[in-house]
Amino acid sequence: MTIHEIVSLVQGKILCGNLGKEDSVEYCFASDLMSDVLTVCRCDFMLITGLSNVQSIRTAEMSDLKYVLLVRGKTPPQEMIDLAKESGIVLIMSPYSMFKASGILYQAGLKGVY
Amino acid sequence: MDLSFQIQGGDFTSAGTASSQVRRTLKELGVDASVIKRVVVALYEAEVNIVAHAYRGLITAEIKPDQVFMKLIDEGPGIADIEKAMTPGFSTASQEVREMGFGAGMGLPNICRNADVFNIHSVPGKGTTVEITIQIK
Numbered sequence: 020m021t022i023h024e025i026v027s028l029v030q031g032k033i034l035c036g037n038l039g040k041e042d043s044v045e046y047c048f049a050s051d052l053m054s055d056v057l058t059v060c061r062c063d064f065m066l067i068t069g070l071s072n073v074q075s076i077r078t079a080e081m082s083d084l085k086y087v088l089l090v091r092g093k094t095p096p097q098e099m100i101d102l103a104k105e106s107g108i109v110l111i112m113s114p115y116s117m118f119k120a121s122g123i124l125y126q127a128g129l130k131g132v133y
Numbered sequence: 358m359d360l361s362f363q364i365q366g367g368d369f370t371s372a373g374t375a376s377s378q379v380r381r382t383l384k385e386l387g388v389d390a391s392v393i394k395r396v397v398v399a400l401y402e403a404e405v406n407i408v409a410h411a412y413r414g415l416i417t418a419e420i421k422p423d424q425v426f427m428k429l430i431d432e433g434p435g436i437a438d439i440e441k442a443m444t445p446g447f448s449t450a451s452q453e454v455r456e457m458g459f460g461a462g463m464g465l466p467n468i469c470r471n472a473d474v475f476n477i478h479s480v481p482g483k484g485t486t487v488e489i490t491i492q493i494k
């Protein structure tokens, strides 16, 4: 699924990052617990989180992820956006809850990592 | 190549800076992406542990063609029962640490899982030393 489709499905807004038309992702992992994210071996997934601070971006960076979807309509602090820019991570925000965003994306075909 | 970093306890804004620098260096050296991920996930968990639990610490990373050796020495309360601390889900993290997305009790198990060799030594009231070795294939 392309990132543009994902953004549209969750009524999202791209906060930073360079996004091409071909940017896409097949898997998702939703968590507010960063150590849980760090247990996932693969790196071809999008992180859905409600954790609105620099550590969610750091975790995405260490996990080699390119896309982070911030849910619950949280406005991230500027330092979080700056770190995402520096790390080359596309940061998207959605007004939906984690459950709703995950449900919509799962129904649309995105897969869980396990 | 040797890298070293001073870590300040409680400084969550900077937590991960050392791991990020090691990641960048390994990428520049052309190390395999799956190996880099194991190194930085283990290091990041250990770095966050210093920020979350200790007063201050020192991280050194020794990068050789065949392996990465990382040593993290902290001054802090130490760990009274290492076996318990290694149990997945066990955590003594503060509310502040949990608000930063950590404290799920997966830190040490995560380090152990990614390391080829993992050693931990702690003196309660003094501090903890963690050694992580990961082979570069």
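Residue numbers (this note's numbering), protein chains in the order written: chain Z, 20 to 133; chain D, 358 to 494.
The C-beta atom is built at its ideal place from N, Cα and C for all residues, glycine as well.
In the DSSP assignment, the beta strand (DSSP E) including residue i goes from what residue to what residue?
{"i": "Thr485/D", "result": "Gly484 to Gln492"}
{"i": "Leu179/Z", "result": "Look at the range of chain Z in this structure, 20 to 133, and you will see that residue 179/Z is not part of it."}
{"i": "Arg413/D", "result": "Arg413 to Ile420"}
So is residue i buried or exposed if we call it buried at 16+ other beta carbons inside 10 Å?
{"i": "Asp359/D", "result": "exposed"}
{"i": "Tyr125/Z", "result": "exposed"}
{"i": "Arg386/D", "result": "Checking the displayed sequence, the identity of residue 386/D turns out to be Leu instead of Arg. Exposed, by the Cβ-count rule."}
{"i": "Ile439/D", "result": "exposed"}
{"i": "Asn467/D", "result": "buried"}
{"i": "Asp473/D", "result": "exposed"}
{"i": "Gly458/D", "result": "buried"}
{"i": "Ser451/D", "result": "exposed"}
{"i": "Val480/D", "result": "exposed"}
Provide the residue span of the alpha helix (DSSP H) that contains residue i, from first to last.
{"i": "Tyr125/Z", "result": "Met117 to Gln126"}
{"i": "Ser75/Z", "result": "Val73 to Met81"}
{"i": "Cys469/D", "result": "Gly464 to Asn471"}
{"i": "Tyr133/Z", "result": "Tyr133/Z -> no alpha helix (DSSP H), and no H or E assigned at all."}
To the nearest angstrom, how far is the alpha carbon of residue i from that of residue j?
{"i": "Ile477/D", "j": "Asp389/D", "result": "26 Å"}
{"i": "Phe64/Z", "j": "Asp55/Z", "result": "14 Å"}
{"i": "Cys11/Z", "j": "Met112/Z", "result": "Since the first and last residues shown for chain Z are 20 and 133, residue 11/Z lies out of range."}
{"i": "Thr94/Z", "j": "Lys32/Z", "result": "11 Å"}
{"i": "Glu80/Z", "j": "Ile108/Z", "result": "8 Å"}
{"i": "Arg380/D", "j": "Glu404/D", "result": "13 Å"}
{"i": "Val397/D", "j": "Gln378/D", "result": "10 Å"}
{"i": "Gln492/D", "j": "Glu402/D", "result": "18 Å"}
{"i": "Thr485/D", "j": "Gly122/Z", "result": "43 Å"}
{"i": "Leu88/Z", "j": "Lys119/Z", "result": "13 Å"}
Could you name the residues of chain D that residue i contacts, counting a contact when the two beta carbons are closer than 7 Å?
{"i": "Asp42/Z", "result": "Result: empty, since nearest Cβ-Cβ is about 19 Å, beyond 7 Å."}
{"i": "Met53/Z", "result": "Gly458 and Phe459"}
{"i": "Val73/Z", "result": "Thr370"}
{"i": "Leu70/Z", "result": "Gly458"}
Should residue i be listed as close to the ligand ADP, given that the test is whether its C-beta is under 8 Å from any heavy atom?
{"i": "Ser361/D", "result": "This structure does not include the ligand ADP; it has no bound ligands of any sort."}
Check the Cβ-Cβ distances between residue i and every residue of chain C, and say whether any is below 9 Å.
{"i": "Met81/Z", "result": "Considering every chain present, this structure includes no chain C. Its protein chains are Z and D."}
State yes or no: is the C-beta of residue i within less than 9 Å of the C-beta of residue j?
{"i": "Val408/D", "j": "Ala372/D", "result": "yes"}
{"i": "Lys104/Z", "j": "Cys62/Z", "result": "no"}
{"i": "Leu465/D", "j": "Met443/D", "result": "yes"}
{"i": "Asp83/Z", "j": "Ile393/D", "result": "yes"}
Which residues in chain Z have a C-beta closer than 9 Å to the C-beta of residue i? List them in chain order.
{"i": "Lys394/D", "result": "Cys60, Cys62, Met81, Ser82 and Asp83"}
{"i": "Met443/D", "result": "In chain order: nothing, as chain Z lies at least about 14 Å away."}
{"i": "Asn467/D", "result": "Ser54, Leu57 and Thr58"}
Anything in chain D within Cβ reach of residue i, meaning under 8 Å, just list it in chain order.
{"i": "Arg77/Z", "result": "Ala372, Gly373, Ser376, Ser377 and Tyr401"}
{"i": "Glu45/Z", "result": "Within 8 Å Cβ-Cβ: nothing; Glu45/Z doesn't reach chain D, min ~18 Å."}
Can you pull the chain Z residues whose beta carbon is under 7 Å from the beta carbon of residue i, in chain order?
{"i": "Val324/D", "result": "The first residue shown for chain D is 358 and the last is 494, placing residue 324/D beyond what the model contains."}
{"i": "Ala390/D", "result": "Asp83"}
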